[in-house]
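Working notes, structure below.
Protein chains in written order, with my numbering: chain A, 1 to 155; chain B, 1001 to 1155.
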């Protein structure tokens, strides 16, 4: 099995968040924060038909993340957790995932709401958000259930 | 901006699907299909605390995808669509996303349900699935709304 491969930046995400302290922990906490996604011209044809979708999944590079760690202190808690039980940027591959609302498109630029990434974030992929595929009910969220219930959302 | 970077395989996903024709289009269509995720030993400590979560988001490499294309014919329809309006594997970065149900963990091996990827798929990331972050309501799905309604799920 191939143990490494190369991924390419396919665009840039512009947001109001110039530094980590400005950005919300998740888009959920600032659903109205607007940004734009500039898809590089060579990928623009791939945006055909996205206009019909109200929500998109963005995959992107956590380009200013600290080095990866297997155990991290999450934003929403004080105790160390395994990185795969958190949404911390300090993941082995530093790939982030955010669901945004699509507000409009002009050519190769998408206007979206619910951004939580830093300005100038490198975009890796855009997928249509499909509730049948991506929504789950009857979900347990371990330590995060407690953290969210305790109102540590802004912690 | 850095236009390329390297990602590392952090594990292997084992599923019952040896070839593309065997795999469901999405885990949604075969929610009981079970698989195992073998996280390489060097990342095992990152799995601490995942047991508390009922669902996980897997990011993985579409390792047997045909070459990328900007316009593709999706599994669920007969007309060409922009690749970013589909979940086709033929994406510029060939990264797949599936939400699975966590059935159990033994050391560095997770047993999960709802797999739709091929056997031996290279794993890139595991994130906890958090409804507050990842669920959306009032969603429109463009051409896919029609395709799913028309019962072309198996097309």
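From the three backbone atoms N, C-alpha and C, an ideal C-beta is built for every residue, glycine too.
Values in this document were obtained by computation on a predicted structure and should not be read as measured data.
Practice prompt. Run down chain B in chain order and give the residues with a C-beta less than 7 Å from the C-beta of residue 113 of chain A.
Written response: As a first step, residue 113 of chain A is located in the first chain; it is residue number 113 there, counting from the start. Taking the beta carbon of residue 113 of chain A as reference, no residue of chain B falls within 7 Å; the closest one sits roughly 11 Å away.
Discussion item. Could you check whether the Cβ of residue 1070 of chain B sits closer than 8 Å to any Cβ belonging to chain A?
Written reply: Here the question's residue 1070 of chain B lines up with position 70 in the second chain. It does: the Cβ of residue 1070 of chain B has a partner Cβ on chain A nearer than 8 Å.
Worksheet entry | Cβ-based contacts, 9 Å cut-off: residues of the region 1118-1131 of chain B near chain A | Going along the region 1118-1131 of chain B in chain order, one finds 1120, 1122, 1124, 1125, 1126, 1127, 1128, 1129, 1130 and 1131 with a Cβ nearer than 9 Å to chain A.
Fill in: Proximal residues of chain A, C-beta to C-beta of residue 1003 of chain B below 7 Å
Along the second chain, one-based indexing puts residue 1003 of chain B at 3. The contacting residues are 8 and 9.
Worksheet item: Looking only at its own chain, which residues have a Cβ that is under 7 Å from the Cβ of residue 88 of chain A, when we skip the five neighbours before and after it?
Response: One-based indexing of the first chain puts residue 88 of chain A at position 88. These residues qualify, in order along the chain: 72 and 74.
Discussion item. Quick check on the DSSP output: what are the complete beta strand (DSSP E) runs of length 3 or more inside the region 1-65 of chain A, in order along the chain?
Written reply: Listed in chain order, they are 4-8, 11-14, 34-39 and 55-61.
Worksheet item: Grouping DSSP H, G and I as helix and E and B as strand, with all else coil, what is residue 1123 of chain B?
Response: Looking up residue 1123 of chain B in the second chain gives position 123. It is a strand residue.
Worksheet item: Unbroken alpha helix (DSSP H) runs of length 4 or more, entirely within the region 1074-1155 of chain B: which are they?
Response: If we require 4 residues or more, the alpha helix (DSSP H) runs fully inside the region 1074-1155 of chain B come out as 1131-1134 and 1142-1149.
Worksheet item: On the premise that residue 1082 of chain B lies in contact with residue 124 of chain A, defined as a C-beta separation below 8 Å, what is that separation, rounded to the nearest angstrom?
Response: Here residue 124 of chain A is taken as the residue at index 124 of the first chain, counted from 1. Here residue 1082 of chain B is taken as the residue at index 82 of the second chain, counted from 1. That pair is no contact at about 17 Å.
Worksheet entry | Interface partners of residue 108 of chain A on chain B, CB under 9 Å | As a first step, residue 108 of chain A must be located in the first chain, where it is residue number 108. Below the 9 Å Cβ cutoff, chain B contributes no neighbours of residue 108 of chain A, its closest Cβ being approximately 11 Å away.
Discussion item. Using a Cβ-Cβ distance cut-off of 8 Å, determine whether residue 1081 of chain B contacts chain A.
Written reply: Locating residue 1081 of chain B in the second chain gives position 81, where the first residue counts as 1. With 8 Å as the cut-off, residue 1081 of chain B counts as an interface residue toward chain A.
Item to complete: Going by CA-CA distance only, name the one from B:1085, B:1120 and B:1132 that's closest to residue 1016 of chain B.
Response: Here residue 1016 of chain B is taken as the residue at index 16 of the second chain, counted from 1. Ranking the options by Cα distance to residue 1016 of chain B, first place goes to B:1120.
Worksheet item: From this set, B:1079, B:1018, B:1062 and B:1099, which residue's C-alpha is nearest residue 1115 of chain B's C-alpha?
Response: By 1-based counting over the second chain, the position of residue 1115 of chain B is 115. Scanning B:1079, B:1018, B:1062 and B:1099 for the CA closest to the CA of residue 1115 of chain B turns up B:1099.
Fill in: Chain-ordered chain B contacts of residue 14 of chain A [CB-CB under 8 Å]
Walking along the first chain from the start, residue 14 of chain A turns up at place 14. Correct list: empty, because the minimum Cβ distance to chain B is about 12 Å.
Item to complete: Compare the Cα-Cα distances from residue 156 of chain A to each of A:29, A:42 and A:3 and report the closest residue.
Response: This structure leaves residue 156 of chain A out entirely; chain A is present only between 1 and 155.
Discussion item. Given this structure, state the Cα-to-Cα distance separating residue 1004 of chain B from residue 8 of chain A, to the nearest angstrom.
Written reply: Residue 1004 of chain B sits at position 4 when you count from the first residue of the second chain. Residue 8 of chain A sits at position 8 when you count from the first residue of the first chain. Distance between the alpha carbons of residue 1004 of chain B and residue 8 of chain A: 5 Å.
Discussion item. Counting only beta-carbon separations shorter than 8 Å, does residue 1086 of chain B have a partner in chain A?
Written reply: Here the question's residue 1086 of chain B lines up with position 86 in the second chain. So, interface residue.
Discussion item. Just to make sure I have the definition right: I need the residues of chain B whose C-beta is within less than 9 Å of the C-beta of residue 59 of chain A. Which are they?
Written reply: Reading the first chain from its first residue, position 59 is the one you call residue 59 of chain A. Result: 1059, 1093, 1095 and 1097.
Discussion item. Quick check: the region 1057-1071 of chain B against the region 1090-1099 of chain B, are at least 3 beta-carbon pairs closer than 8 Å?
Written reply: Note that the region 1090-1099 of chain B touches the region 1057-1071 of chain B; at least 3 beta-carbon pairs, one per stretch, sit closer than 8 Å.
Practice prompt. Can you tell me which of B:1002, B:1147, B:1001 and B:1012 puts its alpha carbon nearest to the alpha carbon of residue 1080 of chain B?
Written response: Here residue 1080 of chain B is taken as the residue at index 80 of the second chain, counted from 1. When only C-alpha atoms are compared, the closest one is B:1147.
Discussion item. Under 8 Å, Cβ to Cβ, is there at least one residue of chain B near residue 149 of chain A?
Written reply: Within the first chain, numbered from 1, the residue matching residue 149 of chain A stands at position 149. No - not a single Cβ of chain B is within 8 Å of the one on residue 149 of chain A.
Item to complete: Select from A:6, A:113, A:144 and A:129 the residue whose C-alpha is nearest the C-alpha of residue 1127 of chain B.
Response: Working through the second chain from its first residue, we reach residue 1127 of chain B at position 127. Nearest Cα to residue 1127 of chain B within the set A:6, A:113, A:144 and A:129: A:144.
Practice prompt. Output the distance between the C-alpha atoms of residue 1091 of chain B and residue 1065 of chain B, rounded to the nearest integer angstrom.
Written response: Start at 1 with the first residue of the second chain, and residue 1091 of chain B comes out as number 91. Start at 1 with the first residue of the second chain, and residue 1065 of chain B comes out as number 65. Each residue's Cα considered, the two are about 9 Å apart.
Worksheet item: Any residues in the region 28-46 of chain A with a beta carbon nearer than 7 Å to a beta carbon of chain B? Which ones, in chain order?
Response: When C-beta distances to chain B are compared with 7 Å, the residues of the region 28-46 of chain A below that value are 28, 43, 45 and 46, in chain order.
Item to complete: Taking C-beta pairs closer than 9 Å, name the residues in chain B that residue 78 of chain A reaches, listed in chain order.
Response: Here residue 78 of chain A refers to the residue found at position 78 of the first chain. Correct list: empty, because the minimum Cβ distance to chain B is about 14 Å.
Worksheet item: Can you name the residues of chain A whose CB is closer than 9 Å to the CB of residue 1103 of chain B?
Response: What you label residue 1103 of chain B is simply residue 103 of the second chain in a count that begins at 1. Within chain A, no C-beta atom comes nearer than 9 Å to that of residue 1103 of chain B; the closest sits roughly 13 Å away.
Discussion item. Can you confirm whether residue 17 of chain A, when its beta carbon is compared against all beta carbons of chain B, has any partner nearer than 8 Å?
Written reply: The sequence position of residue 17 of chain A within the first chain is 17, counting from 1. Chain B, which has no Cβ nearer than 8 Å to the Cβ of residue 17 of chain A, makes this no.
Worksheet item: How long is the line joining the alpha carbons of residue 1029 of chain B and residue 1112 of chain B, rounded to whole angstroms?
Response: In the second chain, residue 1029 of chain B corresponds to position 29, counting from 1. In the second chain, residue 1112 of chain B corresponds to position 112, counting from 1. Those two C-alpha atoms are separated by around 15 Å.
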